[in-house]
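Trainee: I am attaching a structure below and will ask some questions about it afterwards.
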Amino acid sequence: MKADHLLLRIAIATLLLCSISLGGLDQSGNSDAENLTISEFSALAPASSLENAFVDTSEPPAASEDAGTEIAAYTEQVPPITDLKKLMPSAILKSPPRYMYYNGEYLGWNDFTTSFPTNNPGLWIERAVSWTQYATLPWGGWTRELIYVPQASPVTMYEIYPSGYVLGYSLGLVQSGYYYIWYYADTPGRHRSLFATNSGYSNAVIIDVYGAGNHIKPNPPTPKEQCEKKPYCHWVNNKCLCTMPPLTEKQKCEQSANCAWVNGRCNCFMPEPKPTEKEKCEQNPLCDWVNGQCLCRGLDDPEKKKCEQSANCAWVDNRCDCFMPKPEPEPEPMPGPVPNPYPEPEPFNPAPNPVAECQQSGCQWTNGGCDCNSNNGGGQGDLTI
Numbered sequence: 001m002k003a004d005h006l007l008l009r010i011a012i013a014t015l016l017l018c019s020i021s022l023g024g025l026d027q028s029g030n031s032d033a034e035n036l037t038i039s040e041f042s043a044l045a046p047a048s049s050l051e052n053a054f055v056d057t058s059e060p061p062a063a064s065e066d067a068g069t070e071i072a073a074y075t076e077q078v079p080p081i082t083d084l085k086k087l088m089p090s091a092i093l094k095s096p097p098r099y100m101y102y103n104g105e106y107l108g109w110n111d112f113t114t115s116f117p118t119n120n121p122g123l124w125i126e127r128a129v130s131w132t133q134y135a136t137l138p139w140g141g142w143t144r145e146l147i148y149v150p151q152a153s154p155v156t157m158y159e160i161y162p163s164g165y166v167l168g169y170s171l172g173l174v175q176s177g178y179y180y181i182w183y184y185a186d187t188p189g190r191h192r193s194l195f196a197t198n199s200g201y202s203n204a205v206i207i208d209v210y211g212a213g214n215h216i217k218p219n220p221p222t223p224k225e226q227c228e229k230k231p232y233c234h235w236v237n238n239k240c241l242c243t244m245p246p247l248t249e250k251q252k253c254e255q256s257a258n259c260a261w262v263n264g265r266c267n268c269f270m271p272e273p274k275p276t277e278k279e280k281c282e283q284n285p286l287c288d289w290v291n292g293q294c295l296c297r298g299l300d301d302p303e304k305k306k307c308e309q310s311a312n313c314a315w316v317d318n319r320c321d322c323f324m325p326k327p328e329p330e331p332e333p334m335p336g337p338v339p340n341p342y343p344e345p346e347p348f349n350p351a352p353n354p355v356a357e358c359q360q361s362g363c364q365w366t367n368g369g370c371d372c373n374s375n376n377g378g379g380q381g382d383l384t385i
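The sequence shown begins at 1 in the numbering used here and counts up one residue at a time.
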């Protein structure tokens, strides 16, 4: 079953290359792109190489002749010429879209990043809320195609035109990543875009360009024309030389420190007057204005010095402020009677002296005792103590 499906896809690719007149990619209406015949393109891109290019894009069987419901996000304004004929870096990783078309269905960004093989080149066209692989575009409209390059490689864009030729456009060596390129709807009918890298061919994007009557192909403005549109620029020696544009009234207003731009008008106020040299001088108590000049005394003001010598004073605002010291707290009384620091001396009480007492009584102290005999003239008997 797989082999039959593969053969069918190869047959479809071959039929597309041979029967619908292979055409060229013309994102910018550039005449430097290379026109290829069917045989030349077939030699560059054999059907076996394109077997994965023509996947299901949900396009109708025939080319749409009106916008339908699958119209691309487009503009009729010609993009800047500096953005044409080259790939521009895409911010899709920082600002992902709501949906990406892959493998026959629309996936949210997170589901897409886990499903899409990052080693394959990829191509999409921009719609309002998604990047898809089929869209309608009015004749003469501009839209963007998203390109994913898996690795650094030369990139060549191709477009299969409905009228019988292939247009190839080399974009040079491109680093890996997501890019976008401008696509211009220059011919009504069904177009198929794809690109080639060293990793192989991308899938094809199908674009149905609708419209009728003679359409005048717009020519992008030249760098000289773009330069001369600006009143402050001039084209000199194939270069655009610009002077600084004149300031707007708002810019002039905001340059003044005393003005502000409010409700579309410039409101200014009078600045506060700056003090004169004389006023500055007289504000200093150590200075006097004499004969047109400021004469100041020494910095050692005697009043200030005298003030600061006192522990209870401070020099504040050119004057001496003094305060009463706080009284020291009295010590708390001791509990109980207060002892006399100077007590009276106790009376002297000498120790007994038996020798002196013996002699006082008219006796004699002999052999450790008091001997009172008859010789003492008292006629008394012996007294022994």
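Glycine is no exception: its CB is placed at the ideal position from the N, C-alpha and C atoms.
Here's the rule I'm using: 16 or more other beta-carbon atoms within 10 Å means buried, otherwise exposed. How should E59 be labelled?
Mentor: Buried, since its Cβ has 16 or more Cβ neighbours within 10 Å.
Trainee: Would you say Y183 and I207 are within 9 Å of each other, going by their C-beta atoms?
Mentor: Taking 9 Å as the Cβ cut-off, Y183 and I207 qualify as a contacting pair.
Trainee: So for A260, helix, strand or coil by DSSP?
Mentor: Residue state, collapsed to three classes: strand.
Trainee: Using C-beta distances below 6 Å, list every residue in its chain close to P325, excluding the 5 sequence neighbours before and after it, in chain order.
Mentor: If we look at P325 and ignore the five residues flanking it on each side, its Cβ neighbours are N312.
Trainee: Let's see if you can read the secondary structure: which residues bound the beta strand (DSSP E) around V355?
Mentor: Element bounds for V355: not the beta strand (DSSP E) but the alpha helix (DSSP H), P354 to Q360.
Trainee: Taking Cβ positions, are C266 and E279 nearer each other than 9 Å?
Mentor: Against a cut-off of 9 Å, the Cβ pair of E279 and C266 comes out as no contact.
Trainee: Roughly how many angstroms separate the alpha carbons of L137 and P162, rounded to a whole number?
Mentor: Their Cα atoms are separated by approximately 15 Å.
Trainee: Exposed or buried, what is V149 when buried is set at 16 or more other beta-carbons lying within 10 Å of its beta-carbon?
Mentor: With 16 or more Cβ atoms within 10 Å of its Cβ, V149 is classed as buried.
Trainee: Which residue's Cα is closest to the Cα of F269: C259, N263 and E277?
Mentor: For F269, the nearest C-alpha among the options comes from C259.
Trainee: Can you give the Cα-Cα distance for I125 and L84, rounded to whole angstroms?
Mentor: Each residue's alpha carbon lies about 16 Å from the other.
Trainee: With a threshold of 16 other CB atoms inside 10 Å of the CB of G122, please say whether the residue is buried or exposed.
Mentor: Buried, since its Cβ has 16 or more Cβ neighbours within 10 Å.
Trainee: Using C-beta distances below 6 Å, list every residue in its chain close to L397, excluding the 5 sequence neighbours before and after it, in chain order.
Mentor: This structure gives no information on residue 397, because the portion of the chain shown stretches from 1 to 385.
Trainee: What distance in whole Å lies between the Cβ atoms of Y178 and S90, which are believed to be in contact at a cut-off of 8 Å?
Mentor: With a Cβ gap of about 4 Å, S90 and Y178 count as contacting.
Trainee: How would you call G168, buried or exposed, if buried means at least 16 neighbouring beta carbons within 10 angstroms?
Mentor: The residue in question, G168, is buried, as its Cβ has 16 or more Cβ neighbours within 10 Å.
Trainee: Taking the straight line between their C-alpha atoms, what separation do you get for T396 and R144?
Mentor: Residue 396 is absent from the model: the chain starts at 1 and stops at 385.
Trainee: Compare the C-alpha of T69 against each of N35, A128, P80 and R98 and name the closest.
Mentor: Among N35, A128, P80 and R98, the Cα nearest to that of T69 belongs to A128.
Trainee: Count the other C-beta atoms from every protein chain shown that fall within 10 angstroms of the C-beta of Q251, then say buried if there are 16 or more, exposed otherwise.
Mentor: The residue in question, Q251, is exposed, as its Cβ has fewer than 16 Cβ neighbours within 10 Å.
Trainee: Where does N214 sit, in a helix, a strand or coil, going by DSSP?
Mentor: Model confidence at N214 stands at a pLDDT of 48, short of 50, so the residue's coordinates are unreliable and nothing is read from them.
Trainee: Looking only at its own chain, which residues have a Cβ that is under 6 Å from the Cβ of T366, when we skip the five neighbours before and after it?
Mentor: Nothing listed; no residue qualifies.
Trainee: Can you tell which of Y99, T118 and P117 has the C-alpha that lies nearest to the C-alpha of W109?
Mentor: Here the closest residue by C-alpha is Y99.
Trainee: Would E225 be called buried (16 or more neighbouring beta carbons within 10 Å of its own) or exposed?
Mentor: The residue is exposed, with fewer than 16 neighbouring Cβ atoms inside 10 Å.
Trainee: Would you list the one or two residues that DSSP bridges to C253?
Mentor: For C253, which the question treats as bridged, DSSP gives no partner whatsoever.
Trainee: Spatial neighbours of C198 within its chain, please: CB distance less than 6 Å, with the 5 preceding and 5 following residues excluded, ordered by chain position.
Mentor: A small correction: the amino acid at residue 198 is Asn; Cys does not occupy that position in the sequence shown. Only S153 meet the Cβ criterion.
Trainee: Could you pull the start and end residues of the beta strand (DSSP E) that C242 belongs to?
Mentor: K239 to C242 is the extent of the beta strand (DSSP E) around C242.
Trainee: By how many angstroms is the C-alpha of E308 removed from the C-alpha of A314?
Mentor: Those two C-alpha atoms are separated by around 6 Å.
Trainee: Report back the beta-carbon spacing between G140 and A185 to the nearest angstrom; my notes put them in contact at under 8 Å.
Mentor: With 8 Å as the limit, G140 and A185 qualify as a contact, their Cβ atoms being about 6 Å apart.
Trainee: Rounded to the nearest angstrom, what separates N237 and P223 at their Cα positions?
Mentor: For N237 and P223, the distance between alpha carbons rounds to 12 Å.
Trainee: What residue range is occupied by the uninterrupted alpha helix (DSSP H) comprising S115?
Mentor: Segment W109 to S115, the alpha helix (DSSP H) holding S115.
Trainee: Report the rounded CA-to-CA distance for E303 versus N263, giving the unit in angstroms.
Mentor: When rounded, the distance between both Cα atoms is 58 Å.
Trainee: Distance check for W261 and S176, CA to CA, integer angstroms please.
Mentor: So the two alpha carbons sit approximately 48 Å from each other.
Trainee: How is the alpha helix (DSSP H) around Q226 delimited, first residue to last?
Mentor: That run of the alpha helix (DSSP H) goes P223 to E228.
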